[in-house]
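Numbering (the UniProt record's numbering), first residue to last: 1 to 270. I have placed the structure first, in the form of structure tokens, so that the comments after it can refer back to it.
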Ligand SMILES: [Zn+2]
């Protein structure tokens, strides 16, 4: 059994990493004043940590991190300060997929055009093979109950459950780690804080690359008879590129932590 001191120090490390994740996602414009990251509690899998209702770039101490039950997204401490209304995105994903350890929900502008068009987001480069063949889309309006607030937010357990389902194939296996949300943003899952942050950053990056490539391709069509369209990653390359980003994730992570520690905007006292 782990000594109490080593348990608390591992939780301290997790919280410091978590706050760095908030800052990195803000620094990379994946989160602005909105959006959030969460992490499952490694000591008890029926709760998870998420910031209180504050812009991610301003999260600065362990007191800013709240603990919620996976089952109903209720705060473990009933006297907790207010949290994010969309925490049901996180709770329902943790409830449905025991293997998920961290979730990022983002409104990144580069991704939004793919949420409101029928254009599929496809993996364009070796850093984004984790996207799979194409990225799933979710339209919340298909699931509103009669009295639901229609502001596109995932405000309750029922909408959260329907959203979490959209990560699955019909046989209930995971389809992929990213789902686009119409007129709203995207959500990405990972096996660690570092992995979910990495995937969120490279989902936004992939969207920028795809948009640029489609514009170049469109301007060339008609003028260049040999234009064969866009050359996305091939299906046979998806597993190995995903594995490559898995083993290399700590290289960018260490750089990103250093960046947010030295810019002067962010504080991390955890
Ligand atoms: Zn949102």
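Cβ atoms here follow ideal geometry from the backbone N, Cα and C, with glycine treated the same way.
Burial state of residue i, where buried means 16 or more other Cβ atoms lie within 10 Å
i: residue 23; result: buried
i: residue 227; result: exposed
i: residue 83; result: buried
i: residue 261; result: exposed
i: residue 115; result: buried
i: residue 2; result: Residue confidence is low: residue 2 scores 48 on pLDDT, short of 50, so the model does not pin down where it sits. No coordinate-derived value is stated.
i: residue 71; result: exposed
i: residue 256; result: buried
i: residue 31; result: buried
i: residue 39; result: buried
i: residue 253; result: buried
i: residue 183; result: exposed
Own chain residues within Cβ distance below 7 Å of residue i, not counting five before or after
i: residue 130; result: 177, 199, 242, 245
i: residue 59; result: 19, 22, 51
Residue of the options minimising C-alpha distance to residue i
i: residue 249; options: 127, 76, 10; result: 127
i: residue 207; options: 98, 121, 231, 254; result: 121
i: residue 41; options: 94, 52, 86, 81; result: 94
i: residue 86; options: 80, 77, 96, 103; result: 103
i: residue 187; options: 53, 90, 70; result: 90
i: residue 147; options: 138, 159, 136, 137; result: 159
i: residue 168; options: 136, 143, 140, 149; result: 136
i: residue 54; options: 44, 81, 258; result: 81
i: residue 125; options: 258, 251, 235; result: 235
i: residue 73; options: 267, 237, 49, 109; result: 49
i: residue 205; options: 69, 75, 112; result: 112
i: residue 143; options: 161, 203, 37; result: 161
Helix, strand or coil at residue i [DSSP, three-state]
i: residue 16; result: helix
i: residue 199; result: helix
i: residue 143; result: coil
i: residue 66; result: strand
i: residue 244; result: helix
i: residue 175; result: coil
i: residue 47; result: strand
i: residue 187; result: strand
Contacts around residue i, its chain only, beta-carbon distance under 8 Å, and the 5 residues preceding and following it disregarded
i: residue 77; result: 66, 67
Counting Cβ pairs, one atom from each stretch, are 3 or more of them under 8 Å apart for the segment 180-193 and the segment 98-112? Because the criterion of three Cβ pairs below 8 Å is met, the segment 180-193 and the segment 98-112 touch.
Flag this pair as touching only if the segment 208-219 and the segment 227-236 have three or more C-beta atom pairs under 8 Å; answer yes or no. By the C-beta criterion, the segment 208-219 is judged to be in contact with the segment 227-236, since at least 3 inter-stretch pairs fall below 8 Å.
Mind the definition here: the segment 162-173 touches the segment 8-17 only if three or more C-beta pairs lie below 8 Å; say whether that holds. Contact between the segment 162-173 and the segment 8-17 is absent: fewer than three C-beta pairs spanning the two stretches fall below 8 Å.
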